[in-house]
Amino acid sequence: MAGDPSKMTIWTGYFDIRTSRTGGRRVPKEASIPNPTLDAIVWAARDAGITKMKRDAEVSHPARPYAKEGRLILSSADAKNSTGADSKEGVIQSIGHRLRRQYKASKSTDGSASPGKKSQRGGAQRSQRKSFKGKSGGQRKKKFGRR
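Quick note on the numbering used here: the sequence shown kicks off at 130 and runs consecutively.
What follows is the structure, given as structure tokens:
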């Protein structure tokens, strides 16, 4: 993929607002969202007018081999023509701005529908309980050397 100029690869990590620029984010914070999904990026690319694309869901970025983030492979000519950009950075920023706009729209509709969901106990915090699985007799182990 690295040597094929007719295709460009877009990784989901390019749009993650929690990642720094040195960590791999390639768009400004105004064009990024938290936890971007491959489906959201595909939607934003289609909204930008890009039609020729292929998605690889279970692929990890070479710099982040621990995360299976996924990538989108686009036709360079189609992406540049439909977005009006002259470089990969312009295409990525165009997709990022559409992604952010869609994220804000979905966030505003979700926020107005339910102002806040509390737990079933009326907002009270649940107490933490210790698990005593494997303890014999149902009694706790005594502390500080007492028998």
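Positions of the beta carbon are idealized from the N, C-alpha and C atoms, including for glycine.
- Item | Own chain partners of I170 with C-beta closer than 7 Å, once the 5 adjacent residues on each side are dropped | Same-chain partners within the cutoff: I139, T141, F144, L201, I224, L228.
- In whole angstroms, what separates the C-alpha of K233 from that of W172? 14 Å
- Confirm, please, whether the CB-CB distance from I179 to D207 is below 8 Å. Taking 8 Å as the Cβ cut-off, D207 and I179 qualify as a contacting pair.
- Item | Runs of alpha helix (DSSP H) lying entirely within the region 193-220, each at least 4 residues, in chain order | 205-212
- Contacting residues, own chain, Cβ-Cβ under 8 Å from E198 (five flanking each side not counted): Sequence-distant Cβ neighbours of E198 in its own chain, meaning closer than 8 Å and more than five residues away, are W140, T141, G142, L167, V188, S189, H190.
- Query: So S211 packs on A177, CB below 8 Å; how close in whole Å?
  - Reply: 6 Å
- Query: What are the boundary residues of the beta strand (DSSP E) that includes D185?
  - Reply: 182-185
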